[in-house]
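Peer 1:
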């Protein structure tokens with residue numbers, strides 16, 4: 055059966071292969087970002103009526119998980135923060151002696167882990183979702199930091215090592231049905247120039263390569279060199295790249311390949327981590343404890359984030375504040391985070407790892423490697439929770455964008471009708487829980503399948519005794535999956551309670 | 033290297049810094065210029081108009097479901113403000129929540145009772161617009177927590 059290849063589809067394929075495709079998408083999202091920033095700073099400071107909060111916390115989040123589920127990391131592809139990289143690169147090359155390499159000590163995901171946790175904590179502590187002003191400043195901060203990092207450091211350091219949104223997209227894209235992949239490996243083996251990783255735009259300082267821009271290399275067939283292309287800035291060498299981790303779908307490799315040998319190919323979601331090969335630019339997942347930590351933060355963070363929106367969490371916070379004798383919610387929240395992101399993962403994953411290792415008969419295998427390997431199997435369950443949570447907000451309020459835009463347009467004199475504030479839900483309220491539950495169940499199913507597949511490949515054999523070991527190795531992780539599934543369902547049936555920044559807006563109000 | 037629009041005809045690597053950036057900057061300027069025409073008025077705080085407006089809730093901490101808000105209005109001289117037309121809208125603090133519009137149930141002297149149907153627990157903002165008999169709008173925003 056021929057493989058699905060998005061680049062060979064009519065319209066979509068030619069568009070994505072057009073060298074300005076990414077720029078066009080980025081410019082569109084840059085315009086949206088500009089509107090978000092403006093309205094966040096100067097528009098009505100009421101979250102449901104402001105483009106910043108509606109756009110960022112409702113539509114961006116809702117759409118990003120849906121797109122990751124049905125396609126791939128398209129939001130990194132269209133990332134507006136990377137538009138400024140052209141400028142940053144120009145400054146760096148001319149004034150900073152081509153910049154610095156990213157520090158060796160930081161060539162991992164630990165900084166990203168810290169930033170993601172900091173973001174989640176700030177999100178809850180400062181109710182970022184309820185503040186258009188803070189949302190705008192968050193976007194501004196993102197632009198400034200991305201620009202500064204790209205100006206000083208070479209390559210795509212910001213994307214690979216810093217960007218919390220990008221890390222979430224890397225996490226989510228493990229369950230995506232598309233990946234950027236080589237079409238024919240022998241072509242790569244015979245390729246003399248490896249443009250997908252080495253290409254740099256021709257400049258006066260870096261003259262054209264000795265070969266022709268167009269030609270034919272016999273078995274390799276025709277080639278066309280793109281003088282503007284650059285190789286992967288995230289150090290992913292296509293022939294040895296496996297899956298979507300660290301891939302921003304920037305299309306650089308596709309534009310650089312002289313043989314048109316890279317596609318956006320369909321695949322079985324999650325299959326990329328069933329095996330544990332050496333991956334270009336990454337290494338082996340089982341040896342990357344920083345990556346495993348990042349996955350743990352996103353898996354358990356999914357539940358923590360959803361837990362923060364239901365009624366029981368406020369009773370818990372009040373009880374903690376009383377017990378800690380604290381006037382600020384910060385200590386209680388920090389304790390909840392410590393339990394949710396450290397204690398529970400350590401206890402559950404260590405227990406599962408010990409059981410899994412024992413039942414697989416692999417007692418000599420390092421426990422950390424077992425945990426790092428199987429943590430990826432929990433990704434579908436974690437993603438299912440993000441999907442259910444964000445879809446809830448998107449499906450309950452997706453249409454509120456219409457009156458918000460009408461209000462915005464009216465304020466700037468481009469619309470004279472009434473804003474239809476009575477629209478909001480995308481689907482009937484009665485459909486919400488079934489939809490969310492299906493997403494959770496699908497996530498659980500994906501994790502169970504993944505746990506079996508990881509165990510199957512780790513054990514290697516397939517006779518009767520091996521099957522018992524495979525089952526034994528997978529079962530502890532399936533139990534963790536079921537516990538997460540149960541907790542997720544419990545969260546979904548709780549009454550929601552959405553606290554915000556009452557104090558911030560109450561100043562000057564007569565009551 | 034000096035910059036000019038003719039630079040756009042150069043190879044992309046020589047653009048200083050890029051056409052993309054110029055488009056972005058142009059878009060940003062246009063957006064801000066357009067929006068500056070009027071969007072800011074929406075964010076204006078309640079002006080100090082001298083009117084005294086209070087709001088109480090029955091029950092004091094409303095629960096999800098029907099509830100009643102009672103407003104009292106007095107003019108700058110302290111006299112009861114009768115015959116005002118009230119519009120009351122409740123908004124949650126979270127994006128994506130459909131507003132709840134209140135229905136005036138009774139008006140007696142300076143006291144107006146408005147029925148609300150709270151749809152979710154959490155933080156709400158009640159926006160009151162009271163149009164006086166002489167056509168003046170009194171605007172207030174009240175925070176309230178629904179259990």
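Protein chains in written order, with my numbering: chain A, 55 to 565; chain B, 33 to 179. Every residue, glycine too, gets a C-beta built ideally from N, C-alpha and C. Since the model is a prediction, treat every value here as computed from it, not as a measurement.
Buried or exposed: residue 50 of chain A, going by 16 or more other Cβ atoms within 10 Å of its Cβ?
Peer 2: The structure shown does not extend to residue 50 of chain A, since chain A is modelled only from 55 through 565, so no value can be given for it.
Peer 1: In chain A, which residues lie less than 8 Å from residue 193 of chain B when you measure between Cβ atoms?
Peer 2: Since the first residue shown for chain B is 33 and the last is 179, residue 193 of chain B is missing from the structure and cannot be characterised.
Peer 1: Would you call residue 126 of chain B buried or exposed, if buried means 16 or more other Cβ atoms sit within 10 Å of its Cβ?
Peer 2: Taking the first residue of the second chain as position 1, residue 126 of chain B is located at position 94. Buried is the call here.
Peer 1: For the region 123-144 of chain B, which residues have a beta carbon sitting closer than 7 Å to at least one beta carbon of chain A?
Peer 2: For the region 123-144 of chain B, which is checked against every Cβ of chain A, the residues closer than 7 Å are 123, 124, 125, 126, 127, 128, 129, 130, 131.
Peer 1: Distance check for residue 409 of chain A and residue 45 of chain B, CA to CA, integer angstroms please.
Peer 2: Position 13 of the second chain, counted from the first residue, corresponds to residue 45 of chain B. Position 355 of the first chain, counted from the first residue, corresponds to residue 409 of chain A. Confidence in residue 45 of chain B is poor, its pLDDT being 43 and thus under 50, which makes the residue's placement unreliable; the coordinate value appears in the next sentence. Distance between the alpha carbons of residue 45 of chain B and residue 409 of chain A: 56 Å.
Peer 1: Quick check: the region 537-545 of chain A against the region 412-425 of chain A, are at least 3 beta-carbon pairs closer than 8 Å?
Peer 2: Result no; under three Cβ-Cβ pairs closer than 8 Å.
Peer 1: Scan the region 431-455 of chain A for residues whose Cβ lies nearer than 8 Å to a Cβ of chain B and list them as they occur along the chain.
Peer 2: Listed in sequence order: 447, 448, 450, 451, 452, 454.
Peer 1: Out of B:151, B:147, B:132, B:118, which one is the CA nearest neighbour of residue 165 of chain B?
Peer 2: Numbered from its first residue, the second chain carries residue 165 of chain B at position 133. Of the candidates B:151, B:147, B:132, B:118, the one whose C-alpha sits nearest the C-alpha of residue 165 of chain B is B:118.
Peer 1: Since residue 476 of chain A meets chain B, which of its residues come closer than 7 Å, beta carbon to beta carbon?
Peer 2: As a first step, residue 476 of chain A is located in the first chain; it is residue number 422 there, counting from the start. Result: 130.
Peer 1: Would you verify that the beta carbon of residue 203 of chain A is, or is not, closer than 8 Å to some beta carbon of chain B?
Peer 2: In the first chain, the residue the question calls residue 203 of chain A occupies position 149. Not an interface residue.
Peer 1: Could you name the residues of the same chain whose beta carbon sits closer than 8 Å to that of residue 327 of chain A, not counting the 5 residues immediately before and after it, in chain order?
Peer 2: Taking the first residue of the first chain as 1, we reach residue 327 of chain A at position 273. Only 228, 297, 339, 430, 431, 433, 504, 508 meet the Cβ criterion.
Peer 1: If I follow the unbroken beta strand (DSSP E) through residue 163 of chain B, where does it start and stop?
Peer 2: Mapped onto the second chain, residue 163 of chain B falls at position 131. Counting along the chain, the beta strand (DSSP E) containing residue 163 of chain B begins and ends at 153-163.
Peer 1: Would you decide whether residue 367 of chain A is buried or exposed? Buried here means 16 or more other CB atoms lie within 10 Å of its CB.
Peer 2: Here residue 367 of chain A refers to the residue found at position 313 of the first chain. By the neighbour-count rule (16 or more Cβ atoms within 10 Å), residue 367 of chain A is buried.
Peer 1: Look at residue 134 of chain A and residue 61 of chain A and say whether their C-beta atoms are less than 8 Å apart.
Peer 2: Stepping through the first chain from its first residue, residue 134 of chain A is reached at position 80. Stepping through the first chain from its first residue, residue 61 of chain A is reached at position 7. Not in contact: residue 134 of chain A and residue 61 of chain A (Cβ atoms no closer than 8 Å).
Peer 1: What's the C-alpha gap between residue 396 of chain A and residue 390 of chain A?
Peer 2: Within the first chain, residue 396 of chain A is the residue found at index 342, counting from 1. Within the first chain, residue 390 of chain A is the residue found at index 336, counting from 1. Cα-Cα distance, rounded: 10 Å.
Peer 1: Going along chain B, which residues have a C-beta under 8 Å from residue 365 of chain A?
Peer 2: Against the first chain, residue 365 of chain A aligns to sequence position 311. Neighbours of residue 365 of chain A on chain B, chain order: 153.
Peer 1: Under 8 Å between the Cβ atoms of residue 208 of chain A and residue 153 of chain A?
Peer 2: What you label residue 208 of chain A is simply residue 154 of the first chain in a count that begins at 1. What you label residue 153 of chain A is simply residue 99 of the first chain in a count that begins at 1. Cβ distance < 8 Å, so residue 208 of chain A and residue 153 of chain A count as in contact.
Peer 1: Please classify residue 330 of chain A: does DSSP put it in a helix, a strand, or coil?
Peer 2: Numbered from 1 along the first chain, position 276 holds the residue referred to as residue 330 of chain A. Three-state result, residue 330 of chain A: coil.
Peer 1: With a threshold of 8 Å between beta-carbons, can residue 400 of chain A be considered close to chain B, or not?
Peer 2: Locating residue 400 of chain A in the first chain gives position 346, counting from the first residue. By this cut-off, residue 400 of chain A is not an interface position.
Peer 1: Short check: CB of residue 79 of chain A to CB of residue 142 of chain A, under 8 Å?
Peer 2: As a working mapping, residue 79 of chain A is identified with position 25 in the first chain. As a working mapping, residue 142 of chain A is identified with position 88 in the first chain. No. Outside cutoff.
Peer 1: Which whole-angstrom value is the C-beta distance of residue 112 of chain B and residue 82 of chain B, which I expect to be below 8 Å?
Peer 2: In the second chain, the residue the question calls residue 112 of chain B occupies position 80. In the second chain, the residue the question calls residue 82 of chain B occupies position 50. Actually they do not touch by this definition, with Cβ atoms about 15 Å apart.
Peer 1: Residue 90 of chain B by DSSP, collapsed to three states: which one?
Peer 2: In the second chain, residue 90 of chain B corresponds to position 58, counting from 1. Residue 90 of chain B falls in the strand class under three-state DSSP.
Peer 1: Under a three-way DSSP split, which group does residue 349 of chain A fall into?
Peer 2: Residue numbering aside, residue 349 of chain A sits at position 295 when the first chain is read from its first letter. The answer is helix: DSSP assigns residue 349 of chain A an H, G or I state.
Peer 1: Return the chain-ordered ranges of every alpha helix (DSSP H) run that is complete within the region 416-492 of chain A and spans a minimum of 4 residues.
Peer 2: Here the runs fully enclosed are 421-429, 433-451, 455-465.
Peer 1: From the DSSP secondary-structure annotation, give me the bridge partner or partners of residue 284 of chain A.
Peer 2: Taking the first chain and counting its residues from 1, the one referred to as residue 284 of chain A is at position 230. None; residue 284 of chain A has no bridge partner.
Peer 1: Strictly below 7 Å CB to CB, what residues from chain B border residue 100 of chain A?
Peer 2: The count along the first chain starts at 1 and reaches residue 100 of chain A at position 46. 123, 157, listed in chain order.
Peer 1: Spatial neighbours of residue 520 of chain A within its chain, please: C-beta separation below 7 Å, excluding the five flanking residues on both sides.
Peer 2: Within the first chain, numbered from 1, the residue matching residue 520 of chain A stands at position 466. 513.
Peer 1: Identify, in the order they occur along the chain, each residue of the same chain with its Cβ nearer than 8 Å to the Cβ of residue 127 of chain A, setting aside the five sequence neighbours on each side.
Peer 2: For the purposes of this step, residue 127 of chain A is taken as the residue at position 73 of the first chain. Within the same chain, residue 127 of chain A has close Cβ partners 223, 224, 226, 227, 230, 298, 301, 302, 303.
Peer 1: What residues of chain B sit near residue 103 of chain A, judged by a beta carbon separation below 9 Å?
Peer 2: For the purposes of this step, residue 103 of chain A is taken as the residue at position 49 of the first chain. Within 9 Å Cβ-Cβ: 74, 123, 127, 131.
Peer 1: Tell me whether residue 458 of chain A counts as near the ligand SAH, meaning its Cβ is closer than 7 Å to at least one heavy atom of that ligand.
Peer 2: In the structure shown, the ligand SAH is absent, as is every other ligand, since no ligand is present at all.
Peer 1: Can you look up residue 150 of chain B in the DSSP assignment and give me helix, strand or coil?
Peer 2: In the second chain, the residue the question calls residue 150 of chain B occupies position 118. Residue state, collapsed to three classes: strand.
Peer 1: Return the residue from the list A:174, A:121, A:77 that minimises the CA-CA distance to residue 358 of chain A.
Peer 2: On the first chain, residue 358 of chain A is found 304 positions in, with the first residue counted as 1. Minimum Cα distance to residue 358 of chain A is reached at A:174.
Peer 1: Spell out a yes or no on whether the region 139-157 of chain B and the region 93-107 of chain B are touching, meaning 3 or more CB-CB pairs, one atom from each, closer than 8 Å.
Peer 2: Yes: the two stretches touch, three or more of their Cβ pairs being nearer than 8 Å.
Peer 1: Note down, in chain order, each residue of its chain lying with its Cβ closer than 8 Å to the Cβ of residue 199 of chain A, except the 5 sequence neighbours on either side.
Peer 2: As a first step, residue 199 of chain A is located in the first chain; it is residue number 145 there, counting from the start. Here the set comprises 212, 216.
Peer 1: Count the C-beta pairs between the region 95-110 of chain A and the region 146-166 of chain A that are closer than 8 Å, then say yes if the count reaches three, no if not.
Peer 2: In short, these stretches do not touch, since the Cβ pair count stays below three.
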